[in-house]
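Below is one structure, written out as structure tokens, with a few remarks after it.
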Amino acid sequence: MTTAQRSAQSRGRRLAAQLSPKSVATLYVLIGLIIAFSLWKPSTFPEYATLVGILQDGAIGGLIALGLVVPLAAGVFDLSVGYMLGFGAIFAAWLVGNTSWPEWLVIAVSIAACAVVGLINGLLVVKARISSFIATLAMGSILQAGIQYLTGGQILTKGVDRIGGFASVNIHQITLAPMVLIVLAVLLWVLMQHTVVGRHLYATGLGGDAAVLAGVRTRQLQFGALIVSAAVAGLAGVLVVSNVGAASPDTGPSYMIPAFAAAFLGATQFKPGFFNPGGTVLAILMLQTLTSGLALAGVSTWVPSLCTGVILIAALAVGQLRGNQLSRLIRLRRVKSDSAQPQTGAEPALREPIGAEALSMTAPATTEVQDVRVGAHSPSNAEPEERTR
Amino acid sequence: MSTVAPSPTLLTLSNLSKNYPGQTALDGVALSIAAGEVHALLGANGSGKSTLIKILTGVVAPDPGALLTLGDVTEPLHHGASRGELRGMPVRCVHQDLGLVEALSVVDNVALSDGYHTRRSGTIDWREEAARAETLLRTFNLPDLDVFAPISAYPPLIKVQIAIARVMGSWGSEPGLLILDEPTAQLPDSAAEQLFGLVEQIRAAGTSVLFVTHRLAEVFRIADSVSILRQGRLVHRGRAADLDRADLIEHIVGERRALDVPATGNQRETGSEVALQLRGLTGPELRGADLTVRRGEIVGVVGVIGAGHAALAPTLMGLTPVESGTVEIGGVALPLAGLTPTKARAAGLAWVPPDRKRDGIIAGLPVGENITIGILSRFRVGRWLLNSNDAADEAVRWQELVDLQPRDPSRLIEMLSGGNQQKAVMARNLAGEPVVLLLSEPTAGVDIGAREQLYAIVAAAAEQGVAVVVTSTDYGDLAAICHRVLVFSNGQATAELHAPGLSEPEITHAVLSSEDVPSSHAFREVSP
Chain V
9 MTTAQRSAQS RGRRLAAQLS PKSVATLYVL IGLIIAFSLW KPSTFPEYAT
59 LVGILQDGAI GGLIALGLVV PLAAGVFDLS VGYMLGFGAI FAAWLVGNTS
109 WPEWLVIAVS IAACAVVGLI NGLLVVKARI SSFIATLAMG SILQAGIQYL
159 TGGQILTKGV DRIGGFASVN IHQITLAPMV LIVLAVLLWV LMQHTVVGRH
209 LYATGLGGDA AVLAGVRTRQ LQFGALIVSA AVAGLAGVLV VSNVGAASPD
259 TGPSYMIPAF AAAFLGATQF KPGFFNPGGT VLAILMLQTL TSGLALAGVS
309 TWVPSLCTGV ILIAALAVGQ LRGNQLSRLI RLRRVKSDSA QPQTGAEPAL
359 REPIGAEALS MTAPATTEVQ DVRVGAHSPS NAEPEERTR
Chain C
118 MSTVAPSPTL LTLSNLSKNY PGQTALDGVA LSIAAGEVHA LLGANGSGKS
168 TLIKILTGVV APDPGALLTL GDVTEPLHHG ASRGELRGMP VRCVHQDLGL
218 VEALSVVDNV ALSDGYHTRR SGTIDWREEA ARAETLLRTF NLPDLDVFAP
268 ISAYPPLIKV QIAIARVMGS WGSEPGLLIL DEPTAQLPDS AAEQLFGLVE
318 QIRAAGTSVL FVTHRLAEVF RIADSVSILR QGRLVHRGRA ADLDRADLIE
368 HIVGERRALD VPATGNQRET GSEVALQLRG LTGPELRGAD LTVRRGEIVG
418 VVGVIGAGHA ALAPTLMGLT PVESGTVEIG GVALPLAGLT PTKARAAGLA
468 WVPPDRKRDG IIAGLPVGEN ITIGILSRFR VGRWLLNSND AADEAVRWQE
518 LVDLQPRDPS RLIEMLSGGN QQKAVMARNL AGEPVVLLLS EPTAGVDIGA
568 REQLYAIVAA AAEQGVAVVV TSTDYGDLAA ICHRVLVFSN GQATAELHAP
618 GLSEPEITHA VLSSEDVPSS HAFREVSP
């Protein structure tokens, strides 16, 4: 029986499994939220305008969350996406105010500028082998400097209406941003699930050195992934400017935490353990429904932030429990109790060059923190047969 | 060697067994160590030495029934909560990796094990700490070191001495047992001699030393008595003076069940076409290594730690830099500058690495994808899209070829047994249709049934013309499957053994003889 036949047979069962609460708990939470808010605020929540608002507000965070899926799948963080979004927005606004370039060129150049910053991120992580966590964090600060330089701390409005035309594009009031989000999600789904590049991205994030030896170009993939997340953040920035009609130097950072929450929560959905675009879109919808619903209900402004933080931690905890790709990323390098355990390095970039450890059969073992105590046993020099038990 | 009058027994362990699921590590072993003696513990890899040390240091509990005799009292060996002692008597161990934090100073390393001395204010009294470290160095006749310099600055000998002194410094004067687990493995011979001075000083102070080594010459140099383990059993116990080198080797090697690999046929003709040609390969551990392997040939490479045999595969895969030399694969020169695993694979190399869990399997990915990950681009539709069904069919085909259980390609690979994981890694490498298959410890942690299957797969690949280069510490396996076995020493092949007539004792003997060639042990120093 070929796989094609088998997969045809089990398609129904797979669909059922996909829709089970275990696979898409977030979907049921989302439905529950909609029911709850509809009962709580029957006059304001169950309205078409609310849906439009949720889609509009969620789309921007959703876009950078989708962009994040790519580097996260490849095992690298991009903490610069928030400022990257802000930089893309400010740069576009600055260009329309200070040049007479056509709108399409302004948009293209703004996104390209962010892609170039992403390229620098890639160089820092892949070539200079700096931890992606730290490198992109630092890049965020540099981007903020760029934002302050271009704006002088002022909100840019001059000429911004030139690119505001996009904001008026809509289908039944649903604007461009949610549409871009859906298109990007579909593109990413094809990329991650149905291309060699996508499968190699996951192998990069999961396998590290094993993936390298299997012939996966892990460094090129991580490099490319950081460019993708940066360009997507730049695109999101342009959409923000076109929507708002002005560019504030404060735009950006507030989108980052929800985006990470969505990406990590998304990685517990549909394909648990894998950062995936479907789960991410579902997660951002749920998060935005919660935030918008709470806003409509008139709760204090600190409540939505609290909820986002709690949900991010909950998603991480679930990922940790399942011991999957998530936990590889979020767990700090553990002091190993046994050298035979798979390495759960926080970061491929932080790890030793593979050559040093590939020879570990002959030159046993880096000193481990646990062995500081004299007489504490380190099994790392156990004999090969015994250490794999 | 020293002759000592019969001295009182420090401790006796008896009826020591340890069974792991599917494997017996220790089987009714007895160990008796006299007060103030150096007792050598010998045995091949997997003979149970590590387990015995783990039991002594309290890391692993023995199976019920083990007895410990201290003085006149014999009681069951309870696995106490506190490590580093047996019924109150100190048992300390310096492992081969020393347990020092390289980036920290002597002072810090000493204080990390003994605790920092603080002033009343709670701050560390650095002058007091420095004095303590300096006293320690003087007590054990170490040179005058800068105790605030990072330990990484010092040569290997100093590090070993510091690690030992650190243990002894916190000891006091009560009798006890110091376990030195291959302390000389990373030392050049001249430094080993200096280390023995320290061991003798410790013995003279009345402490017993359990000395683990693979270098037999050291046994006669330093040990008073010897215990030899083989396959979890104590096969010999006696005074070192009563033995010679041949005795030791015979006890260590013994006889064992031969591997049954019907398909191997290492008498089979090999092709005449050269698949792999190394000339003067020099890099970490390798010093001008030459090697010629023909298509269809299975060549074993063996040696003591650091001899260079284990460095061949990672070097050929581009993981460690090459200083000089040439490599040809199927007659085509392999560019060694800027070599990466991807380029090495494209040139026809494939490697099954020794650390399966870390470098072999991709945990989190299903078995099927673990097999096909390296050849996915064969299943493209057009330029970008992947035909997942074709890839899955290929994975299923390989699962059947290597008899991987269970046959479910969607199972996460980490859920499989070690043998089946290794079959998947083997399948991934063979799926790439290599010219040369490099295997490093391919059967580590694999039970005998799966081992035979793995070697049958290797033999079948060789039958189809793949050249195989395999390192294994299991010399019996090598004897069963290899056409030739090359013994490495000092970074190059120094002896060659041929089938038919290959045997485990012959290989072991050749390896143990090769250690007499002084080696530079340069690798540790040049590695990043």
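For the protein sequence lines, the chains are V and C, in the order given.
Sequential numbering of the first sequence, starting at 9, is according to the numbering used here.
Sequential numbering of the second sequence, starting at 118, is according to the numbering used here.
Using N, Cα and C, we set each Cβ at its ideal position, and we do this for glycine too.
For this session: Classify C/Ala-406 as helix, strand or coil using the three-state DSSP reduction.
Result: Correct three-state label for C/Ala-406: strand.
For this session: Report the rounded CA-to-CA distance for C/Ala-480 versus C/Glu-486, giving the unit in angstroms.
Result: 11 Å
Exercise. Residue range of the alpha helix (DSSP H) that V/Phe-272 falls in?
Worked result: 261-274
Exercise. Enumerated in chain order, which unbroken segments of the beta strand (DSSP E) with a length of 3 residues or greater are wholly contained in the stretch 184-269 of chain C?
Worked result: 184-187, 190-193 and 206-211
For this session: Assign V/Asn-106 to one of two classes, buried (16 or more other C-beta atoms within 10 Å of its C-beta) or exposed (fewer than that).
Result: exposed
For this session: Could you tell me which uninterrupted beta strand (DSSP E) segments, each at least 3 residues in length, are contained entirely in the stretch 39-84 of chain V, listed from first to last along the chain?
Result: Counting whole runs of 3 or more residues, the stretch 39-84 of chain V contains no beta strand (DSSP E) stretch at all.
Exercise. What does a CB cutoff of less than 6 Å around C/Ala-579 pick up in its chain, not counting 5 residues either side in sequence?
Worked result: Gly-413, Ile-415 and Val-585
Exercise. Taking 8 Å as the CB-CB cut-off, is V/Thr-203 touching chain C?
Worked result: Closer than 8 Å to some Cβ of chain C, the Cβ of V/Thr-203 qualifies, so yes.
For this session: Determine which residues of the stretch 186-220 of chain V have a Cβ less than 9 Å from any Cβ of chain C, and write them out in chain order.
Result: Val-198, Leu-199, Gln-201, His-202, Thr-203, Val-204, Val-205, Gly-206, Arg-207, His-208, Tyr-210, Ala-211, Gly-213, Leu-214, Gly-215, Gly-216, Asp-217, Ala-218, Ala-219 and Val-220
For this session: Name, please, each residue of chain V whose Cβ falls closer than 8 Å to the Cβ of C/Gly-549.
Result: Gly-223
Problem set entry | Same chain only: Cβ atoms within 7 Å of C/Glu-251, ignoring 5 sequence neighbours per side | Correct list, in chain order: Val-264.
For this session: Drop a sphere of 10 angstroms on the beta-carbon of V/Pro-50, count the other beta-carbons inside from all chains shown, and report buried for 16 or more, exposed for fewer.
Result: exposed
Problem set entry | 7 Å Cβ cut-off: residues of chain V touching C/Thr-459 | Gly-223 and Arg-225
For this session: May I ask which residues mark the beginning and end of the alpha helix (DSSP H) holding C/Gly-536?
Result: 535-548
For this session: Return yes when at least one heavy atom of the ligand FAD lies under 7 Å from the C-beta of V/His-180, else no.
Result: The ligand FAD is not part of the structure shown, which contains no ligands of any sort.
For this session: Give the range of the beta strand (DSSP E) segment to which V/Gln-201 is assigned.
Result: Note, V/Gln-201: premise wrong, no beta strand (DSSP E); alpha helix (DSSP H) at 184-202.
Problem set entry | Residues near C/Gly-465 by beta carbon distance below 7 Å, same chain, minus five either side | Ile-446, Gly-447, Pro-551, Val-552 and Val-553
Problem set entry | Buried/exposed call for V/Asn-129, threshold 16 Cβ in 10 Å | buried
Exercise. For C/Ala-270, which of C/Val-223, C/Pro-452, C/Val-284 and C/Val-316 has the nearest alpha-carbon?
Worked result: Looking at the Cα atoms, C/Val-223 is the closest of the given residues.
For this session: Please list, in chain order, all residues of the same chain as V/Ala-24 whose beta carbon is under 6 Å from its beta carbon, the five residues on each side excluded.
Result: Non-local beta-carbon contacts of V/Ala-24 in its own chain, meaning distances under 6 Å to residues more than five positions away in sequence, are absent.
For this session: Please name the residue, chosen from C/Leu-398, C/Val-419 and C/Glu-402, that lies closest to C/Pro-452 on a Cα-to-Cα basis.
Result: C/Leu-398
For this session: Look up C/Gly-420 in the DSSP assignment and give the residues it is bridged to.
Result: C/Gly-420 is bridged by DSSP to C/Phe-605.
Problem set entry | Inter-residue spacing [alpha-carbon to alpha-carbon] between C/Glu-291 and C/Arg-204 | 13 Å
Exercise. Assuming V/Leu-209 contacts V/Ala-82 under a Cβ cut-off of 8 Å, what Cβ separation, rounded to an integer in Å, is found between them?
Worked result: 5 Å
Exercise. So, are the CB atoms of C/Val-469 and C/Leu-395 less than 8 Å apart?
Worked result: no
For this session: Using the Cα positions of C/Thr-89 and C/Val-146, report the straight-line distance between them to the nearest angstrom.
Result: With chain C covering 118 to 645 only, the question about residue 89 of chain C has no answer from this structure.
Problem set entry | Beta-carbon separation (whole angstroms), C/Pro-300 vs C/Val-277, contact threshold 8 Å | 5 Å
For this session: Please classify V/Gly-206: is it buried, with 16 or more other beta-carbons within 10 angstroms of its beta-carbon, or exposed?
Result: Only buried fits V/Gly-206, as 16 or more other CB atoms lie within 10 angstroms of its CB.
For this session: Report yes if the C-beta distance between V/Val-326 and V/Thr-288 is below 8 Å; otherwise report no.
Result: no
For this session: Inspect the beta-carbon positions of V/Ala-154 and V/Pro-257 and report whether they are closer than 8 Å.
Result: Residue identity check: residue 154 of chain V is Gly in the sequence provided, not Ala. In this structure, V/Pro-257 does not lie closer than 8 Å to V/Gly-154 by Cβ.
Problem set entry | Proximal chain V residues relative to C/Leu-556, where beta-carbon distance stays under 9 Å | Neighbours of C/Leu-556 on chain V: none; closest Cβ ~12 Å, over 9 Å.
Exercise. So does the stretch 181-196 of chain V actually touch the stretch 62-77 of chain V, counting three or more Cβ pairs closer than 8 Å?
Worked result: yes
Exercise. Identify the residues that DSSP records as bridge partners of C/Thr-126: which are they?
Worked result: C/Ala-151
Exercise. Are three or more beta carbon pairs between the stretch 222-241 of chain V and the stretch 309-319 of chain V nearer than 8 Å?
Worked result: Two segments are said to touch when three or more pairs of C-beta atoms, one from each, lie closer than 8 Å; by this definition the stretch 222-241 of chain V does not touch the stretch 309-319 of chain V.
Problem set entry | Residues of its chain near C/Gly-499, where Cβ-Cβ distance is below 8 Å and the 5 sequence neighbours each way are ignored | none
Problem set entry | Three-state secondary structure assigned by DSSP to V/Leu-234 | Note: V/Leu-234 maps to helix in three-state DSSP.
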